[in-house]
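First residue of the sequence shown? That's 1094 in our numbering, and the numbers climb one at a time after it. Even for Gly, the Cβ is constructed at its ideal location relative to N, Cα and C. This report concerns only the one structure given below.
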Amino acid sequence: MVKVIGVRFKKAGKTYYFDPDELIIDTNINVIVETARGIEFGEVVITNREVSDEEIVAPLKKVMRIATEEDTRHAEDNKKKQKEAFVTCLQKIKDNNLDMKLIDVEYTFDNNKILFYFTADGRIDFRELVKDLAAVFKTRIELRQIGVRDEAKMMGGIGVCGRVLCCSSYLGEFQPVSIKMAKEQGLSLNPTKISGACGRLMCCLKYEQDAYEQIIKLAPKIGAIVDTPDGQGVVMETSLLKEIIKVKLDKGNEADLRIFKMSEVKVIKDVTSHDEPDVDSEALKELED
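Take a look at the structure:
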């Protein structure tokens, strides 16, 4: 076991582990740490605890110090510089006639590097842009091309639910989301109804997936022949969250539909598959990319 604290560098960023050494650091305290990018200013979101060796990425670096008032002022100054650098970079992109969209700018705490995040449809030759920016800022310049999910995370916005986007408010990392999840949850497979602000599948499809998978194991498929307290019948409809099914009982030509709890029926003959809804498979595939 290893003693660590968890530090986050953005509001909804990934949490990284650091060695607190002899320090006892509460959450919401700012610290100065050394990362692969250089010296950084971050916030403690996980206080001192022990984790297994498998959970850390070696070598585990130590916390340099708890941030002072001067460090905090310096971090705020960097935020102001970032806004100025953003405007400057926009102008340089225009001057170089580059087909790219600038998303965000970051200064490392020690000002040894400035990172510019952008999106573009394809690869961009930004070598001249880097030279122009280096001539202005007199420091190391790094341009990073990001995807549409990261763009939404950085820029923020309001989702179709009316709340702030999950990715920009609290999700530290993106989780894999698939069309299979939407199918199993009985959602409309219309791309416009299951895609988020980024144009990809909504992250919230992941939230209840484990519960659906557990229920699906117990639920008979539509078309299955089941034995109910009122006799045999065919499953016509299922409600996974309510754990009930609608069964057409075997009453000759009569349409006798009744509702039962899943626990009340026993599958006599299941079905291996059923017809999929008529959907645009290519459009759905693009949502997973």
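Identify the continuous beta strand (DSSP E) that holds residue i and give its terminal residues.
| i | result |
| --- | --- |
| valine 1100 | 1095 to 1101 |
| aspartate 1197 | 1194 to 1200 |
| phenylalanine 1211 | 1206 to 1212 |
| threonine 1108 | 1108 to 1111 |
| lysine 1354 | 1350 to 1354 |
| isoleucine 1315 | Segment: none, isoleucine 1315 is in no beta strand (DSSP E) and carries neither H nor E. |
Counting C-beta neighbours from all protein chains within 10 Å, is the total for residue i 16 or more, i.e. buried, or is it exposed?
| i | result |
| --- | --- |
| proline 1269 | exposed |
| glutamate 1199 | buried |
| aspartate 1225 | buried |
| alanine 1245 | buried |
| tyrosine 1263 | exposed |
| cysteine 1254 | exposed |
| glutamate 1381 | exposed |
| arginine 1293 | buried |
| tyrosine 1109 | buried |
| leucine 1334 | exposed |
| lysine 1187 | exposed |
| valine 1358 | buried |
By Cβ distance, which residues of its chain are closer than 7 Å to residue i, with the 5 residues on each side in sequence left out?
| i | result |
| --- | --- |
| glutamate 1133 | Phe1102, Val1126, Thr1201, Phe1202 |
| lysine 1155 | Phe1111, Asp1112, Asp1114 |
| asparagine 1141 | Lys1096, Ile1098, Pro1113, Ile1117, Ile1118 |
| isoleucine 1308 | Leu1333, Glu1336 |
| lysine 1185 | Leu1222, Asp1225, Leu1226 |
Using beta-carbon positions only, say whether residue i and residue j come within less than 7 Å of one another.
| i | j | result |
| --- | --- | --- |
| valine 1100 | glycine 1131 | no |
| leucine 1280 | isoleucine 1287 | yes |
| valine 1066 | isoleucine 1234 | Because the chain is modelled from 1094 through 1382, residue 1066 falls outside the range shown and cannot be assessed. |
| asparagine 1171 | glutamate 1221 | no |
| phenylalanine 1230 | isoleucine 1207 | yes |
| asparagine 1123 | alanine 1160 | yes |
| isoleucine 1352 | lysine 1339 | yes |
| leucine 1342 | glycine 1316 | no |
| glutamate 1266 | lysine 1104 | no |
| leucine 1191 | isoleucine 1217 | yes |
So, at 6 Å on beta carbons, what are the nonlocal neighbours of residue i in its own chain, with the 5 sequence-adjacent residues on each side left out?
| i | result |
| --- | --- |
| glycine 1250 | Leu1258, Ala1290 |
| methionine 1274 | Leu1298, Gln1302 |
Just to confirm the assignment, what range does the alpha helix (DSSP H) spanning residue i have?
| i | result |
| --- | --- |
| arginine 1242 | 1241 to 1248 |
| phenylalanine 1230 | 1220 to 1230 |
| aspartate 1323 | Neither: aspartate 1323 is in no alpha helix (DSSP H) and is coded neither H nor E. |
| phenylalanine 1179 | 1162 to 1188 |
| lysine 1310 | 1302 to 1311 |
| isoleucine 1217 | Segment: none, isoleucine 1217 is in no alpha helix (DSSP H) and carries neither H nor E. |
| methionine 1274 | 1272 to 1277 |
Leaving out the 5 sequence neighbours to the left and right, which residues in its chain are closer than 8 Å to residue i when beta-carbon positions are compared?
| i | result |
| --- | --- |
| methionine 1094 | Glu1143, Val1144, Ser1145, Asp1146 |
| methionine 1247 | Ile1196, Asp1197, Tyr1210, Ile1239, Ser1261 |
| threonine 1212 | Met1193, Lys1194, Ile1196, Gln1238, Ile1239, Gly1240, Val1241, Glu1244 |
| leucine 1153 | Val1095, Val1097, Tyr1110, Phe1111, Asp1112 |
| glutamate 1306 | Glu1277 |
Open item on the list: Quick test of the definition: if touching needs 3 or more C-beta pairs under 8 Å, does the stretch 1355 to 1365 touch the stretch 1327 to 1340?
Closed with: The answer is yes - the stretch 1327 to 1340 touches the stretch 1355 to 1365, with three or more Cβ pairs under 8 Å.
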